[in-house]
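Peer 1:
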Ligand code: SF4
Ligand code: SF4
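Residue numbers (my numbering): 156 to 648.
(1) Let's see if you can read the secondary structure: which residues bound the beta strand (DSSP E) around residue 565?
(2) Checking the sheet assignment: what are the DSSP bridge partners for residue 424?
(3) Say yes only if the C-beta of residue 607 is nearer than 7 angstroms to one or more non-hydrogen atoms of ligand 1, and no if none qualify.
(4) If we call anything under 8 angstroms between Cβ atoms a contact, is residue 167 one with residue 237?
(5) Once you ignore the five residues that flank residue 185 on each side, which residues in its own chain have a CB closer than 6 angstroms to its CB?
(6) On the criterion of 16 or more Cβ atoms from any shown chain inside 10 Å, does residue 325 qualify as buried, or is it exposed?
(7) Roughly how many whole angstroms lie between the Cα atoms of residue 220 and residue 163?
(8) Indicate, with yes or no, if ligand 1 has a heavy atom lying under 7 angstroms from the CB of residue 629.
(9) Can you find the residues in the same chain that come closer than 8 angstroms, C-beta to C-beta, to residue 179, ignoring five residues on each side of it along the sequence?
(10) Say the cut is 7 angstroms; is the CB of residue 614 nearer than that to a heavy atom of ligand 1?
(11) Where does residue 647 land, buried or exposed, given buried means 16+ other C-beta within 10 angstroms?
(12) For residue 731, is the classification buried or exposed, using 16 other Cβ atoms within 10 angstroms of its Cβ as the cut-off for buried?
(13) Which residue comes first and which comes last in the beta strand (DSSP E) that contains residue 577?
(14) Taking its Cβ as the centre, do 16 or more other Cβ atoms sit within 10 Å of residue 448, making it buried, or is it exposed?
(15) I need the straight-line Cα distance from residue 405 to residue 640, nearest angstrom please.
(16) Could you tell me which whole beta strand (DSSP E) segments of length 3 or greater appear in the stretch 338–370?
(17) When the distance is taken between beta carbons, is residue 430 closer than 8 angstroms to residue 409?
(18) Less than 8 angstroms between the C-beta atoms of residue 295 and residue 369, yes or no?
(19) For residue 618, I'd like the list of residues in its chain whose CB is within less than 7 angstroms of its CB, leaving aside the five on either flank, ordered along the chain.
(20) Near residue 394, which residues of its chain fall below 7 angstroms by C-beta distance, leaving aside the five closest residues on each side in sequence?
The structure is reproduced here in structure tokens:
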């Protein structure tokens with residue numbers, strides 16, 4: 156038996172904020188990723204079975220005493236030096252009982268066993284003879300985007316919509332909901348999530364309320380859970396609408412890209428006036444009335460420098476948020492100052508991370524910090540496009556992604572719109588990260604999944620290759636994991 160070379164007096168500590176597993180999916184303007192269970196149910200293995208440390212085990216220093224673990228299956232776990240020594244003891248396969256006697260004596264048998272149990276439950280220690288099972292994604296939620304209107308009172312510089320003066324009709328809205336529930340039942344989903352979007356959906360709030368009433372009826376009829384969120388620019392919110400949103404059990408996501416000029420540099424009314432003042436007032440009104448909106452931040456070349464100030468403002472209000480990268484489209488391509496210059500974006504994001512470190516929130520940060528990466532649940536696809544996501548436009552046509560609505564796959568009358576979305580070979584191909592050049596051997600594969608397939612295709616003409624933002628991602632992911640490690644330490648202390 157190997158004798159440990161270092162003396163570690165403190166018992167092993169394994170800290171995991173279990174709330175993370177339930178709060179991993181933040182609100183965003185995209186399709187949710189499929190999730191996999193974060194822990195495994197222990198299966199009976201014969202005594203004396205040798206265990207080994209998973210090959211993907213890596214650590215990132217959080218502070219002088221603690222390390223954050225990153226494996227292909229788990230992040231958000233913080234361990235101390237003793238737990239790290241215990242983990243590394245299994246670099247060489249050995250039975251669980253093969254622990255140095257002085258560790259058992261100094262740390263106590265219970266602490267040793269509890270830590271080993273945690274390592275096994277989180278797939279960090281695996282039976283040496285059994286290869287690790289491939290990830291089995293299980294999307295239990297079918298998400299649908301309802302394009303309530305193509306109209307909007309803003310003209311944001313990165314918007315991909317033509318802003319036609321056209322609305323979703325009641326007939327098409329009703330048929331879209333019915334088609335979504337039919338597909339949800341056919342494909343065994345447990346939850347339907349409706350995104351009421353546009354355009355600006357609050358231009359038609361009574362219509363949204365009517366649709367959501369109908370969605371509630373359908374959910375009850377089919378025995379499915381229902382989740383609904385309004386994606387708004389935040390300029391049309393009133394106390395009456397807030398009260399109605401609460402009564403309907405809806406959630407609200409508001410776009411806010413900076414404070415004052417930083418926001419106004421890219422989110423303006425049709426007459427060119429900035430929208431920050433109204434948006435900030437709406438957010439504070441919602442908070443005063445007890446509705447907590449999710450804040451969606453679009454990070455662009457213009458907004459990056461103001462992110463730190465914005466995050467300070469958001470954290471003062473304890474708001475949930477997500478940082479999403481600008482995605483170029485045909486209508487925005489001529490605006491060069493929006494582009495994601497690597498150094499500029501990294502500097503802005505690092506300043507934002509420093510602001511977060513100064514005021515760590517109670518909520519998990521793992522799904523919020525870096526664009527489409529979800530560091531809270533391992534997954535192979537960046538989003539649900541082509542698998543668990545339906546986009547209904549205002550004319551009742553079905554497409555795969557809200558940013559690619561011109562590529563239609565079906566109409567609202569389809570018996571099973573999801574089957575047609577899944578069968579489509581022409582539009583966006585949302586490949587697993589393991590099939591993408593550059594991603595296949597990447598440490599971050601199961602957290603990043605290669606980035607937005609649409610953005611990658613626009614930049615490279617390919618779906619089977621890593622994101623054009625890969626350098627930014629690889630620079631920021633370790634910092635995001637460290638930040639979450641600090642948060643976990645704060646929550647657990
Ligand atoms: S895009 Fe880059 S960081 Fe993301 S999985 Fe692919 S190689 Fe890794
Ligand atoms: S393809 Fe890109 S833009 Fe479309 S839902 Fe997925 S991540 Fe979002």
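Virtual Cβ for every residue (Gly too), placed ideally from N, Cα, C. Only a predicted model underlies this, so the values are computations on that prediction, with no experimental measurement involved.
Peer 2: A quick look at the data gives this:
(1) As a working note, residue 565 is residue 410 in the chain shown. DSSP places residue 565 in the uninterrupted beta strand (DSSP E) bounded by 563–566.
(2) As a first step, residue 424 is located in the chain shown; it is residue number 269 there, counting from the start. Residue 424 pairs with 309.
(3) Along the chain shown, one-based indexing puts residue 607 at 452. Not under cutoff, so the answer is no.
(4) Within the chain shown, residue 167 is the residue found at index 12, counting from 1. Within the chain shown, residue 237 is the residue found at index 82, counting from 1. Going by C-beta atoms, residue 167 is nearer than 8 angstroms to residue 237.
(5) Along the chain shown, one-based indexing puts residue 185 at 30. Excluding sequence positions up to five before and after residue 185, its CB lies within less than 6 angstroms of the CB of 538, all in the same chain and listed in chain order.
(6) For this step, residue 325 is matched to residue 170 along the chain shown. That one is exposed.
(7) By one-based count along the chain shown, residue 220 stands at place 65. By one-based count along the chain shown, residue 163 stands at place 8. Spanning the alpha carbons of residue 220 and residue 163 requires a straight line of approximately 11 angstroms.
(8) Along the chain shown, one-based indexing puts residue 629 at 474. The answer is yes for residue 629.
(9) Along the chain shown, read from residue 1 onward, the residue named residue 179 stands at position 24. With a pLDDT of only 41 at residue 179, under the threshold of 50, the placement of this residue in the model should not be trusted, and no figure is reported.
(10) To locate residue 614, count along the chain shown from 1; it is residue 459. No, Cβ of residue 614 sits at least 7 angstroms from all heavy atoms of ligand 1.
(11) Within the chain shown, numbered from 1, the residue matching residue 647 stands at position 492. Result: exposed.
(12) Residue numbering for the chain in the displayed model covers 156 to 648; residue 731 lies beyond these limits and cannot be assessed.
(13) As a first step, residue 577 is located in the chain shown; it is residue number 422 there, counting from the start. In the DSSP assignment, residue 577 falls outside any beta strand (DSSP E) and within the unbroken alpha helix (DSSP H) covering 572–578.
(14) In the chain shown, counting from the first residue as 1, residue 448 sits at position 293. That one is buried.
(15) Here residue 405 is taken as the residue at index 250 of the chain shown, counted from 1. Here residue 640 is taken as the residue at index 485 of the chain shown, counted from 1. Residue 405 and residue 640 have their alpha carbons spaced roughly 31 angstroms apart.
(16) Segments of the beta strand (DSSP E) lying fully in the stretch 338–370: 346–353.
(17) Position 254 of the chain shown holds residue 409. Position 275 of the chain shown holds residue 430. No.
(18) If you number the chain shown from 1, residue 295 lands on position 140. If you number the chain shown from 1, residue 369 lands on position 214. Not in contact: residue 295 and residue 369 (Cβ atoms no closer than 8 angstroms).
(19) Your numbering for residue 618 matches position 463 in the chain shown. These residues qualify, in order along the chain: 584, 586, 608, 611 and 612.
(20) As a working mapping, residue 394 is identified with position 239 in the chain shown. Non-local beta-carbon contacts of residue 394 in its own chain, meaning distances under 7 angstroms to residues more than five positions away in sequence, involve 440 and 444 in chain order.
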